[in-house]
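Numbering (our numbering), first residue to last: 1 to 166.
All residues carry an ideal CB built from backbone N, CA and C; glycine is no exception.
Have a look at the structure below before the remarks.
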Amino acid sequence: MFNKLKAMGALSDEQINSYNTKLNLLEKYASAKGATTGTIPSYSFINVENDNLPSTVSKTFAMDSVYPEMKANDNKENKYVATSVRVTNIRGRGAQNVAVTPSVNSISEPTSIQFQLQFTPNDGVNTVEFDVEIGNEKILMQYTFFYDNSKVNTAFVKENLSSTRK
């Protein structure tokens with residue numbers, strides 16, 4: 001495919017080499033059972049002091065512009081109705097004792113929802129996956145955290161990831 005784009009003048013040799021490097025790096029992460037979501041994966045890097053992992057990690061994240069379900073009333077106008085917000089199917093790889101709690105159990109107008117994520121980390125990659133159910137809609141969420149007591153290893157991974165984002 002790259003050769004055809006090069007022949008058409010759409011890509012230069014430098015761009016093709018850059019894409020191939022990024023694809024090779026992603027292949028290496030995939031072979032290590034890494035997972036990416038979206039176009040740019042989100043990773044958190046935490047250096048552990050004195051070789052001790054924290055007993056529990058707590059993170060907060062938000063979903064902006066969340067809309068409740070709409071139903072037509074007697075006048076055939078669409079109105080927002082109270083819609084349940086739930087977190088289901090919580091799974092952790094590396095991470096243990098995972099809990100995810102939404103800030104509200106129901107919404108009746110467009111809003112932002114905060115989520116509290118808590119887990120017990122292990123050295124290496126800690127991945128937390130869960131489903132956010134808003135009414136009849138189900139959204140898969142995934143967060144990956146990397147814990148290592150070696151600053152050299154952490155710096156190496158950061159350097160590799162930053163080169164894929166250029």
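query, result
"Hey, does Val98 have any beta-carbon neighbour from chain C nearer than 8 Å?", "The structure shown has no chain C; it contains just one protein chain."
"Along the chain, where does the beta strand (DSSP E) that runs through Gly94 open and close?", "Neither: Gly94 is in no beta strand (DSSP E) and is coded neither H nor E."
"Straight-line CA distance for Gly9 to Ile134?", "46 Å"
"Could you give the DSSP three-state label for Ala10: helix, strand or coil?", "coil"
"From the DSSP secondary-structure annotation, give me the bridge partner or partners of Thr88.", "Asp131"
"Exposed or buried, what is Ala95 when buried is set at 16 or more other beta-carbons lying within 10 Å of its beta-carbon?", "buried"
"On the CB-based measure, 16 or more other CB atoms within 10 Å of its CB, does Asn24 come out buried or exposed?", "exposed"
"So Ala82 and Gln114 are in contact, right, with Cβ under 8 Å, and what is the actual spacing, rounded?", "Not a contact, Cβ separation roughly 19 Å."
"Taking all protein chains shown into account, do 16 or more other C-beta atoms lie within 10 angstroms of the C-beta of Ile107, making it buried, or fewer, making it exposed?", "buried"
"Using DSSP bridges, identify the partner residues of Val57.", "Phe119"
"Find the nearest neighbour of Leu117 within the set Pro68, Gln15, Gln142, judged by alpha-carbon distance.", "Gln142"
"At which residues does the beta strand (DSSP E) containing Ala72 begin and terminate?", "70-72"
"Looking only at its chain, what residues have a beta carbon closer than 8 Å to the beta carbon of Ser103, apart from the 5 residues adjacent to it on each side?", "Ile113, Gln114, Phe115, Gln116"
"Please list, in chain order, all residues of the same chain as Tyr80 whose beta carbon is under 7 Å from its beta carbon, the five residues on each side excluded.", "Pro68, Met70, Ser108, Glu109"
"Within the same chain, show all residues whose beta-carbon is closer than 7 Å to that of Arg93, passing over the 5 residues directly before and after it, in chain order.", "Thr127"
"State buried or exposed for Thr21, treating a residue as buried only when at least 16 other CB atoms are found within 10 Å of its CB.", "exposed"
"Identify the residues that DSSP records as bridge partners of Pro102: which are they?", "Phe115"
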